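Engineer: Residue numbers (UniProt numbering): 1 to 769.
1) For chain B, find out if any of its Cβ atoms is closer than 9 Å to the Cβ of residue 249; answer yes or no.
2) Would you list the residues sitting across from residue 9 in a DSSP beta bridge?
3) Tell me which residue opens and which closes the beta strand (DSSP E) that residue 617 is part of.
4) Take residue 534 as the anchor and find which of 116, 65, 124, 635 has the nearest alpha-carbon.
5) Flag this pair as yes or no: are the beta carbons of residue 13 and residue 36 separated by less than 9 Å?
6) Report the rounded CA-to-CA distance for residue 770 versus residue 538, giving the unit in angstroms.
7) Are at least three pairs of beta-carbons, each pair with one atom in the stretch 724-742 and one in the stretch 418-434, less than 8 Å apart?
8) Which parts of the stretch 555-621 are runs of the alpha helix (DSSP H), unbroken and 4 residues or longer, counting only runs that do not cross its ends?
9) Going by DSSP, what residue range makes up the beta strand (DSSP E) through residue 111?
10) Grouping DSSP H, G and I as helix and E and B as strand, with all else coil, what is residue 207?
11) Classify residue 176: buried if its beta carbon has 16 or more other beta carbons within 10 angstroms, exposed otherwise.
12) Under DSSP, the beta strand (DSSP E) around residue 124 begins and ends at which residues?
13) According to DSSP, simplified to helix, strand and coil, what is residue 651?
14) To which residues of the same chain is residue 523 closer than 8 Å at the C-beta, ignoring the five residues directly before and after it?
15) Between the C-alpha atoms of residue 232 and residue 247, what's the straight-line distance to the nearest angstrom?
16) Quick check on DSSP: helix, strand or coil for residue 724?
17) How is residue 65 classed by DSSP in three states: helix, strand or coil?
18) Using CA coordinates, which residue listed in 542, 526, 528, 531 is at the minimum distance from residue 520?
19) Among residues of its own chain, excluding the 5 on either side of residue 482, which ones have a beta-carbon nearer than 6 Å to its beta-carbon?
20) Terminal residues of the continuous beta strand (DSSP E) containing residue 637?
21) Could you give the residue range of the beta strand (DSSP E) that holds residue 167?
22) Would the stretch 669-688 count as touching the stretch 470-486 if we require 3 or more Cβ pairs under 8 Å?
23) CA-CA distance, residue 614 and residue 593?
24) Cα separation between residue 325 and residue 334?
25) Take the Cβ of residue 709 as the centre, count every other Cβ of all protein chains shown within 10 Å, and call the residue buried at 16 or more, exposed below.
26) Sort 750, 103, 165 by Cα distance to residue 404 and report the nearest one.
27) Compute the Euclidean distance between the alpha carbons of residue 422 and residue 746, then round it to the nearest angstrom.
28) Assign residue 753 to buried or exposed, taking buried as 16 or more other Cβ atoms, counted over all protein chains shown, within 10 Å of its Cβ.
29) Could you check the C-alpha separation between residue 626 and residue 619 for me, to the nearest Å?
30) Of all the options 52, 69, 68, which has the alpha carbon lying nearest to the alpha carbon of residue 61?
31) For residue 53, which of helix, strand or coil comes out of DSSP?
32) Answer yes or no: do residue 487 and residue 181 have a C-beta to C-beta separation smaller than 9 Å?
33) Using 10 angstroms around the beta-carbon of residue 573, count the other beta-carbons present and answer buried if the total reaches 16, otherwise exposed.
34) Which residue comes first and which comes last in the beta strand (DSSP E) that contains residue 43?
35) Around the C-beta of residue 671, are 16 or more other C-beta atoms found within 10 angstroms, so that it is buried, or is it exposed?
36) In three-state DSSP terms, what is residue 511?
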């Protein structure tokens, strides 16, 4: 098994998709500071399930997503895919190649996949832990961790050995199982306490169930009565409904009549509309005829006007013809002779002009022939001159073209020289900037080591603070569980101590029945371990109430009788017979007087002393028999509660603890509750203080990490700028070389053009001479 490839996209400084293909054996990644070597190790830990941002040199998990640079926008997610060759079957999965992928979104969401199938983080951890790798295994040794391993305590070394042996997964499972068992044990204890109390409450609950059954019968009777009332209401409503139905029928009939009338009116309206539609074409024709007749009238009027105008004009023509017919015929003959004379004169002039025209035509023909010959001679001379001018112009053009080419070559050489100088200047500037950045990188590398050291120290302090916080959190959780268990036990014991006889009635009405001192069980304090014996010695007095006088006792009994509250035993110190302990015999053999182990208020001491008169406490029954036989009149009580009195013996097993024992257990439970509450408060206070220290140290870590990130970003920017400057330097040098070659070519072409230009000038001078 070996890592076959690693693909990173958007993870820290790897903005673009980067694919690393690895081979079996050792692979080394080298490069200057800030080039991303540590980010590759962080990617391996992250894809294997690392959840701690500080382990990835970040303040929060979103820091693993590419945050952007001055020239590139930030990304919205980070992806890392790790491909492992599993041809040897080291991973417990039926694939020869396993690809584990993790995707982190900027909104905090995270996806995991194994061979493209979505899975849980726990699935990846289980898969990797079986092969000895994973985020908690020491297969990835980060910055500063080697020193931690070398300086580890024996306990920490044992943890390393256990992890190397592959027991980490089982130890984690054991811890989870133990936590579940502790929780289940606390819940079981509470359930047992509540179960015991519920058993004692079954009797009252049975009476309550009987009362509930009676209430159910009463409810049934009430339901029957309500049903009968509802039936009567139903009959009345049915009658009302029938009346409403009859009224509705009458309204429906009236509506039918109205609808019939509306239909008749609609039919009449349709007939009238049809008649109007039939009359509409006739109306249209009448209107058209009216318009046609109007036009005819207009045409007749125009015709009449035109006829009148024609009559007027014909009258004028007749008058003019009558005036023309009155001219002289002699005048007309004289005019005709004059016209003929003018005609003859014009014919003579035409003959003369015709003869002159013929002579002019002959002279024009001769002149045209001479002109044509002269034009032919001029054309030949013009062609010769044009050929010469064309040759001179061509030579002049070639001379001008060569001169222009020479000027262009010289300008090109000047431009190339300027370009070469600019490229050389850029190259020199890039070299100076490159040298300056290299010096800055050397200086920043020294500061980078200090920042790494500061961050590692702060991270170590933060880890210690988090460990301390975890310890106090565990202590708080343990104390809270203890407090919860003690509270449950106190609650159960308080339920057990609650009285359900006359004593409960009197205690509940203590404000009204003045004089009730309290229950004997709550007033007496017994040495631990002797509760059962003292309860047996007190007998019924252990469950009695203490009152100061016989008057108060009578008032209490009257109250119970009036309220039907049951019976009660009362301890009355006022009527108690004084006891003289000095007259008691001396006892030994481990026996103690019961009076000496009981502490109580002075108000009830006389009554308690009377009940415990000549009562001794011994360890067992043989001691009790020996004491009773040796001292007649003495009552011996064993620790198990067996009573050996003069003439009587009472003992055996007890199905339920006495009130004295319950009260002692209750007091002990309350003490445990107070101690657990104090411990929980102390743990909570210490946890809050540890949290404050952790927050303070975390600020230091975040500040150091921010400075480290700033340094990394600065180093990355410098590295990127160094690469850009290197590219600029290479381009500038290449441009200088290319420009120099172009200048050499241009100079060679310039020499050729100058030689050709001189030759053309000589030809032009020869042609011009």
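Ideal Cβ placement from N, Cα and C applies to all residues, glycine included. Fair warning: this is a prediction, and the values are worked out from it, not measured in the lab.
Structural biologist: Put simply:
1) Absent here is chain B; the protein component of the structure consists of one chain.
2) 79
3) 615-617
4) 635
5) yes
6) Look at the range of the chain in this structure, 1 to 769, and you will see that residue 770 is not part of it.
7) Verdict: yes, contact present.
8) 605-611
9) 110-114
10) If DSSP states are grouped into helix, strand and coil, residue 207 belongs with the helices.
11) exposed
12) Counting along the chain, residue 124 falls outside any beta strand (DSSP E), though it belongs to the alpha helix (DSSP H) covering 121-129.
13) In the three-state reduction of the DSSP assignment, residue 651 falls in the coil class, being assigned neither a helical nor a strand state.
14) 517, 546, 600, 601, 604
15) 23 Å
16) helix
17) strand
18) Nearest of 542, 526, 528, 531 to residue 520, Cα basis: 542.
19) 676
20) 635-637
21) Counting along the chain, residue 167 falls outside any beta strand (DSSP E), and DSSP gives it neither H nor E.
22) yes
23) Straight through space, the alpha carbons of residue 593 and residue 614 are spaced by roughly 7 Å.
24) In this predicted model, residue 325 has a pLDDT of only 46, less than 50, meaning its place in the structure is not dependable enough to derive any value.
25) buried
26) Out of 750, 103, 165, 750 has the C-alpha closest to the C-alpha of residue 404.
27) Straight-line spacing of the CA atoms in residue 422 and residue 746 works out to 19 Å.
28) buried
29) 12 Å
30) 52
31) Note: residue 53 maps to coil in three-state DSSP.
32) Their beta carbons are not under 9 Å apart, which means residue 487 does not touch residue 181 by this criterion.
33) buried
34) Taken as a continuous stretch (DSSP letters only), residue 43 belongs to no beta strand (DSSP E), being part of the alpha helix (DSSP H) at 37-47.
35) exposed
36) In this predicted model, residue 511 has a pLDDT of only 45, less than 50, meaning its place in the structure is not dependable enough to derive any value.
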